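Inspection log for the structure reproduced underneath, given as structure tokens.
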């Protein structure tokens with residue numbers, strides 16, 4: 290499969306997971322449990338919408354910006370499931386743009402978007418689900434990605450990992 294087709298496949302698979310599957314799961318599970326334990330998070334609709342818009346815009350900026358930088362500087366994409374490469378593997382370690390602030394800007398952006406969605410649903414159950422998804426991503430998926438990055442970029446990635454926060458932007462790590 291040529292690089293362009295592989296990149297398109299990566300965007301279709303990745304986009305489907307991020308845009309359709311995860312929010313659908315959040316909505317379905319929230320719907321199943323909300324009739325048992327309904328606890329709204331924000332009562333004031335103006336405040337709720339302000340927070341939703343801020344989270345959504347920030348999440349979209351981080352998500353889109355990181356994809357653009359990943360493709361232009363990294364010359365590839367991050368989509369790999371297990372050992373199956375869905376998009377072309379990145380050729381260059383990306384440490385600029387949003388990657389200067391967090392090693393996982395796509396995940397950070399997706400988390401903010403999902404959090405905005407959970408606040409739109411306005412249910413504590415949906416927020417708990419979003420947090421559970423984040424914990425899974427940080428403990429399983431990111432760890433698998435880091436193994437691959439260490440293998441592909443070695444000491445260059447190790448030095449980057451020492452300086453830049455895994456998830457929360459601007460939480461600089463001290464080099465030991």
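In the working numbering, the protein residues as written are 290 to 465. Don't be surprised by glycine CBs; every beta carbon is placed ideally from N, CA and C. Since the model is a prediction, treat every value here as computed from it, not as a measurement.
Hey, could you find the ends of the alpha helix (DSSP H) residue 352 is sitting in?
-> Where residue 352 is concerned, the enclosing alpha helix (DSSP H) stretches over 334-361.
With a threshold of 16 other CB atoms inside 10 Å of the CB of residue 334, please say whether the residue is buried or exposed.
-> Under this definition residue 334 is an exposed residue.
Rounded C-beta distance between residue 402 and residue 345? I'm assuming under 8 angstroms.
-> Taking the Cβ atoms as the reference, residue 402 lies roughly 6 angstroms from residue 345, within the contact range of under 8 angstroms.
State yes or no: is the C-beta of residue 362 within less than 8 angstroms of the C-beta of residue 383?
-> Yes, they are a contact pair.
What is the DSSP secondary structure of residue 389, counted as helix, strand or coil?
-> Here residue 389 sits in helix by DSSP.
Three-state class that DSSP yields for residue 312 in the structure shown | It is helical.
So, helix, strand or coil for residue 328, using DSSP?
-> Three-state result, residue 328: coil.
Please classify residue 458: does DSSP put it in a helix, a strand, or coil?
-> In the structure shown, residue 458 sits in coil (DSSP, three-state: anything other than H, G, I, E or B).
Buried or exposed by the 16-neighbour rule on C-beta atoms within 10 Å, applied to residue 365 = By the beta-carbon neighbour count (other beta carbons within 10 angstroms, threshold 16), residue 365 is buried.
C-alpha distance - residue 244 paired with residue 440, whole-angstrom precision = The question about residue 244 has no answer here: the residues shown for the chain are numbered 290 through 465.
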